[in-house]
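Data first, discussion second: the structure below is written as structure tokens.
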Amino acid sequence: MLLPAVAASRLVLVPFRLSAARRISSLKVPWKRDPALDAAIARDRRFLQASRLVREVLLSPGRRLLFRYLTKRRERIKLPVHVPTFLKRYPTLLAVSAPPEPVASPSPHLLAFLDFASRLYELHAPLLASRLAKLLMISSTRALPVTKIAAAKRYFGIRPRPNFTVKLPKGFYLKKEMREWVRDWLELPYISPYADASGLHPASPEAEKRSIGVLHEVLSLTVERRMAVPIIGKFCDEYRLPNAFANAFTRHPGIFYVSLKGGIKTAVLREAYDENGELIDRDPMLELKERFVAIMEEGHKQYLEDLKRKREALQKDREDAGRQDAKAEIEDRVEEEWHSEASEGDDDTDDAYRQ
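Residue numbers (this note's numbering): -18 to 336.
And the structure:
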């Protein structure tokens, strides 16, 4: 065992190079659009809209909400159309009672989905508990405020409570100085996101690598390997992330992709998606979203079929009306010709009589 003095004498102090850190932060990486990953984000638009709408009803007492109140919440739930119009397109989400005071409540399809969701959460409880434990372990205090976990629950597949690898896209090239920096950065020793990082200088390359490890780990724990950047920002203090942590996503385009779809920045883990923007390893909790989307699509299909029938009926009525008009026109023409012939016949008879 080394005595404290001897141990101290063997410590080697390595001076930190601030100039290198400044060079890192000053490097600018161009952002290049990735259509496949953007499409993966865009596909969520209707799902998120429907989820917010349904949530308004599920959080109401008795899961029942006056329809007139629900229609007034359009802006809050960010619907692009009026609530009645949205429900006409997706009639399998909610059931609306008859006037004079219509009430919105879960449809039979939605109730069956909620029952399935409850069973799926129970089945994968160990997985979700392990995922939550890892999120807590990454935190510098080994703890997280419940409000922050609640804000991010959708991304990690955590059960909602009513109360409360380098992979550049095709055509993307880095400048020489950036390629050299990436090479040097990759050669730095890996720092586990679960290790104590209190001794790292905030502006050091090692701290940068540790931050990337944390962001990579957090995204890998999400259901779809992606997360809104503002939601990640809520965990800066607990995960010892710098205030400008979002720059790391654009500084490492081979690891992350930032989509601007939906009016919000979403960080995506590149290695988790194939060239078509599809997840390579599917999280079991993703089945919940797929079931919900299936309910939406079933109702939307009915809506489109009804529209098609109405259009066909309208077209048939127009054709029938056109045929009736054509028939009437022909009859009028025949009658005119008959009268004309009859008139000419009378004239011939009169001429013969005179002769």
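A virtual CB, placed ideally from N, CA and C, is assigned to each residue, including glycine.
### Query
Going by alpha carbons, who is nearest to Ala20 out of Lys242, Ala225, Tyr220?
Among Lys242, Ala225, Tyr220, the Cα nearest to that of Ala20 belongs to Lys242.
### Query
According to DSSP, which residues form a beta bridge with Tyr238?
Residue pairing by DSSP puts Tyr238 in a beta bridge opposite Val249.
### Task
Classify Met118 as helix, strand or coil using the three-state DSSP reduction.
Of the three classes helix, strand and coil, the one that applies to Met118 here is helix, per DSSP.
### Task
May I ask you to list the residues that DSSP assigns as paired with Ser86?
DSSP lists Ala76 as partners of Ser86.
### Task
Would you tell me roughly how many angstroms separate the C-alpha atoms of His105 and Glu293, rounded to the nearest one?
When rounded, the distance between both Cα atoms is 48 Å.
### Query
Roughly how many angstroms lie between the CA atoms of Lys289 and Gln283, to the nearest whole one?
C-alpha separation (whole angstroms): 10 Å.
#### Entry: Residues near Lys215 in its chain [Cβ-Cβ closer than 8 Å; skip 5 each side]
The answer, listed in chain order, is Lys129, Ala132, Ala133.
### Query
Short check: CB of Ile276 to CB of Phe28, under 8 Å?
No, they are not a contact pair.
### Query
Unbroken alpha helix (DSSP H) runs of length 4 or more, entirely within the segment 20 to 73: which are they?
As far as the segment 20 to 73 is concerned, its whole alpha helix (DSSP H) runs of at least 4 residues are 26 to 39, 48 to 52, 64 to 70.
### Query
Since Leu91 and Leu74 are thought to touch, with beta carbons under 8 Å apart, how far apart are those beta carbons, to the nearest angstrom?
Leu91 to Leu74, Cβ: 6 Å. Contact.
### Message
So, with DSSP's three-state summary, where would you put Phe145?
### Response
With a pLDDT of only 31 at Phe145, under the threshold of 50, the placement of this residue in the model should not be trusted, and no figure is reported.
### Message
So, for Ala225: in the same chain, excluding its five sequence neighbours on each side, which residues have a beta-carbon less than 7 Å away from its beta-carbon?
### Response
For Ala225, there are no CB contacts under 7 Å within the same chain when 5 residues up- and downstream are skipped.
### Task
Spell out the partners DSSP gives Ala188 in its beta bridges.
Ala188 is not bridged to any residue.
### Query
Using DSSP with H/G/I as helix, E/B as strand and the rest coil, what is Met266?
Of the three classes helix, strand and coil, the one that applies to Met266 here is coil, per DSSP.
#### Entry: Identity of the residues DSSP links to Arg207 by a beta bridge
DSSP output for Arg207 lists Val249 as bridge partner(s).
### Task
For Thr122, count neighbouring C-beta atoms within 10 Å of its own C-beta (all shown protein chains included) and say buried if the count is 16 or more, exposed if not.
Exposed is the call here.
### Query
Which one or two residues does DSSP pair with Leu260 in a beta bridge?
Paired residue(s): Tyr254.
### Query
Expressed to the nearest angstrom, what Euclidean distance is found between the alpha-carbon atoms of Val38 and Ala229?
Spanning the two alpha carbons is a distance of roughly 39 Å.
### Task
Taking only the alpha-carbon atoms, compute the straight-line gap between Asp15 and Ala85 and give it to the nearest angstrom.
Going from the Cα of Asp15 to the Cα of Ala85 covers about 40 Å.
### Local Cβ density within 10 Å of Arg206, reported as buried at 16 or more and exposed below that
Burial state of Arg206 is buried, judged by a 10 Å Cβ sphere holding 16 or more other Cβ atoms.
### Query
Cβ of Glu256 within 8 Å of Cβ of Leu125?
No, they are not a contact pair.
### Ser192 vs Leu250 beta-carbon contact at 8 Å
No.
### Task
May I ask you to report which of helix, strand or coil DSSP gives Glu103?
Three-state result, Glu103: helix.
### Query
Secondary structure at Phe226, three-state DSSP: helix, strand or coil?
DSSP places Phe226 in coil when its eight states are reduced to three.
### Task
Within its chain, find whatever has a CB closer than 7 Å to the CB of Phe48; leave out the 5 residues flanking it on each side and keep chain order.
For Phe48, where only same-chain residues beyond five positions count, the Cβ hits under 7 Å are Val77, Pro83, Val84, Ala85.
### Task
Tell me whether the beta-carbon of Tyr136 lies closer than 8 Å to the beta-carbon of Val204.
For Tyr136 and Val204, yes; Cβs fall inside 8 Å.
### Task
Would you mind reading off the limits of the alpha helix (DSSP H) that contains Ala132?
From DSSP, the alpha helix (DSSP H) with Ala132 extends over 127 to 137.
### Task
Please name the residue in Leu109, Val199, Ala248, Ala98 whose C-alpha comes closest to that of Glu271.
The shortest C-alpha separation from Glu271 is found at Ala98.
### Query
If we ignore side chains and look at the alpha-carbon of each, how far apart do Ala184 and Arg232 end up?
Each residue's alpha carbon lies about 15 Å from the other.
### Task
Can you grab the Cα-Cα spacing for the pair His281 / Lys69, in whole Å?
Their backbone Cα atoms lie some 8 Å apart in a straight line.
### Query
Relative to the alpha-carbon of Met208, which residue among Ala176, Leu34, Ile245 has its alpha-carbon at the smallest distance?
Closest option to Met208, Cα to Cα, is Ile245.
### Task
Answer with buried or exposed for Pro174, where buried requires no fewer than 16 other C-beta atoms within 10 angstroms of its C-beta.
Of the other Cβ atoms in all chains shown, 16 or more fall within 10 Å of the Cβ of Pro174; this residue is therefore buried.
### Message
Whole angstroms are fine: how far does the CA of Glu252 sit from the CA of Ile261?
### Response
Distance between the alpha carbons of Ile261 and Glu252 is about 8 Å.
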